[in-house]
């Protein structure tokens, strides 16, 4: 299994990284919080830690820590629009349930 | 499924706890809102994909319309459609009357210092009108960001005074926004170009918007932008360019120029086409025109860059006058300017760029979109302030444009915080009572550079009561001036022995016109000498008053120590002093004080001898 980015998402990430001027890639992860137990983490990354796993998809480095990988392995990160709002979407096959807004989830 | 944004390392927020921030350019003609998404500042568009919101509000009996729809109704419903409300922010009714020109709206006569505009939906204040524009921007932002805003930064012109800034903050509050701080527009533009990171020096910000022109001369000093001078023209902008083109089209198409003969509809179409032609000419040599006329026929032709340049020469020339004035006020030469920043959509016009380059003898900075540069910088600032990014790479400080001080005896101004002090700042100064047994003190806060109260601007006054009864000069009253990051002032007074306290926050009352600040600054330089003389005179007058006061008190207590002749001698000297103290002869007053001093020496000595030191506590022999 792996973590992948759609082409649209990859282009966005590249643009944001360029604009930021530094950073080696994108960190995907989870943290325990939110109304359904877990929430996604989506951050720029400047340094890779020891237990991090590095993937590459569509030319973008994706970094996931070992623990988070258990919950999000197989995820595809997409970029979508909803009305005026736009942003990244996690298509995570491990998810069993989500809260109404989709910001937090259970596996 | 939720849409997520990328955060800085370690700054991910919990679900439903996003700290969304936005920067707002609340313009006279157009307004914009921007936000930082995934580390990048971008303008938030409305549903139609348009980035700017015309700063126009229309009131009807049952609803409030903001933006483009309101703007197009301006011609048919002028009294209820309010545009350029920024000009009225923080101004009193008298100030607005002095703004001159036509006042298109009916102002309700009221006793309140805040003017109210009469509309079918009731009387509204400029703050309420601005709040409607902000509400519209807020709902746009919340639709685009998918959540509510944690805080915003609003930009204001550098020449805005405390009252105008407070009014802007109040409008934000009324719109349900948490205003993190206000930011000077030229400072924002300079920061967007990274000039705050560069070497120190003087920067000019040339801001030609839709309906207003501002020039600001800033000095970067130790990472802080000081406003050295501002000038401008509140009735000159890109709309005037459109108007001269529209007039040219009318001439070419043989439309009668008197506006009566031309329908509003036709005029609006002409202005729209003129604007489009102007935009084309920013990067082309010629613009095609295809005008639909009222009688159903069509007129087509083309406008060349040369003709366009000719049409607008006078208008562009008009912007250089304030530039010259600003340089003069700042006391510098055009060659001393290190960088020129261009702001406002009209600076895309090639001739504007050329003329500005000629004037400042250098190529102006134009790389960043001049329409959005101010709001983008405000968005970045807001993002830092809500805590999405560490503030290391952005530390923006502003300075106080005019000194703040308070009135002391004799109508003099004691400056507590001097001009160009960086904010936020708090300064305290100790004052004392002037008369024996004085139990209250009136505190009058002022803004300005001059020495006399009458030449400065009054910000507010309050009274500190319950000062314990003591001899003059014994009470210790600490007055603290505090200016927050937005340049808003609060003044507190505290009697140190008892701890009684009182204070005010400066609220909108009467404002200064934008030229008035310049005038005040210029006057302070031009009148420096007069001011010093006036101050010395007033000081001597106050001194005379105090000496006479103390003498009367002493005579009332111990008049018996003097024989008739001695008493007469003192009285003569005292009368002479009291007569002279109302005049303008500085020297004469000084001499009269010395004379009275001499006449009373013996009396003072006797009082001392009579072991009445108690009554003299806190006084100096020279005082009698």
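Residue numbers (my numbering), protein chains in the order written: chain L, 20 to 126; chain E, 6 to 629. Glycine included, C-beta positions come from ideal geometry on N, C-alpha and C. Since we're looking at a predicted model, the values are computed, not measured.
- The beta strand (DSSP E) runs lying completely inside the segment 260 to 316 of chain E and spanning 3 residues or more are 291 to 297, 303 to 309, given in chain order.
- The beta-carbon separation of residue 106 of chain L and residue 10 of chain E, rounded to 5 Å, stays under the 8 Å limit for a contact.
- Around the beta carbon of residue 205 of chain E, a 10 Å sphere encloses fewer than 16 other beta carbons of the protein chains shown; the residue is thus reported as exposed.
- Straight through space, the alpha carbons of residue 348 of chain E and residue 88 of chain E are spaced by roughly 21 Å.
- In the three-state reduction of the DSSP assignment, residue 534 of chain E falls in the helix class, which pools H, G and I.
- For the set E/295, E/296, E/281, the Cα lying nearest the Cα of residue 289 of chain E is the one of E/281.
- DSSP, reduced to helix, strand and coil, places residue 539 of chain E within a helical segment of the structure shown.
- In the three-state reduction of the DSSP assignment, residue 83 of chain E falls in the coil class.
- Bridge partners of residue 126 of chain E according to DSSP: none are assigned.
- Cβ-Cβ distances below 7 Å link residue 447 of chain E to 466, 468 in the same chain, with the five nearest sequence neighbours on each side left out; the list follows chain order.
- Between residue 597 of chain E and residue 582 of chain E, the C-beta gap is smaller than 8 Å, which places the two residues in contact.
- Distances from the alpha-carbon of residue 344 of chain E to those of E/32, E/92, E/200 put E/200 closest.
- Separation of the CB atoms of residue 234 of chain E and residue 335 of chain E is rounded to 4 Å, and the pair is thereby assigned contact status at 8 Å.
- Residue 44 of chain E reaches chain L at 35, 38, 39, 63, counting residues in chain order whose Cβ is nearer than 7 Å.
- According to DSSP, residue 181 of chain E shares a beta bridge with no other residue.
- In terms of beta-carbon proximity, residue 52 of chain E lines the interface with chain L, with at least one pair separated by less than 8 Å.
- Taking a cut-off of 8 Å for Cβ pairs, the segment 135 to 152 of chain E and the segment 175 to 182 of chain E touch, as three or more such pairs fall below it.
- When Cβ pairs closer than 8 Å are counted between the two stretches, the segment 379 to 389 of chain E is seen to touch the segment 36 to 45 of chain E, the count reaching three or more.
- Within chain E, the C-beta atoms nearer than 7 Å to that of residue 105 of chain L come from 8, in chain order.
- When DSSP reads this structure, residue 563 of chain E sits in no beta bridge, so it has no partner.
- Nearest neighbour of residue 485 of chain E by Cα position, chosen from E/209, E/257, E/410, E/553, turns out to be E/410.
- Around the beta carbon of residue 329 of chain E, fewer than 16 other beta carbons lie within 10 angstroms, which makes this residue exposed.
- Burial state of residue 70 of chain L is exposed, judged by a 10 Å Cβ sphere holding fewer than 16 other Cβ atoms.
- Between residue 45 of chain L and residue 60 of chain L, the CB-CB gap reaches or exceeds 8 Å.
- Closest in C-alpha terms to residue 501 of chain E, from the list E/369, E/487, E/481, E/488, comes E/481.
- Judged by beta-carbon spacing, residue 353 of chain E lies within the 8 Å limit of residue 375 of chain E, meaning their Cβ atoms are closer than that value.
- Excluding the 5 residues flanking it on each side, residue 126 of chain E has same chain C-beta neighbours closer than 6 Å at 64, in chain order.
- Closest by C-alpha distance to residue 102 of chain L, out of E/99, E/151, E/78, E/112, is E/151.
- Closer than 8 Å to the CB of residue 93 of chain L there is not a single CB belonging to chain E.
- Not one beta carbon of chain L lies nearer than 8 Å to the beta carbon of residue 504 of chain E.
- Chain E has a Cβ within less than 8 Å of the Cβ of residue 45 of chain L.
- Boundaries of the beta strand (DSSP E) harbouring residue 211 of chain E: 206 to 213, taken from the DSSP string.
- Residue 441 of chain E sits away from residue 498 of chain E, with the two beta carbons spaced by 8 Å or more.
- In this chain, the alpha helix (DSSP H) harbouring residue 257 of chain E covers 243 to 258.
- Under the three-state reduction of DSSP, residue 613 of chain E is assigned to helix.
- Within chain E, the residues placing a beta-carbon under 7 Å from that of residue 102 of chain L are 148, ordered along the chain.
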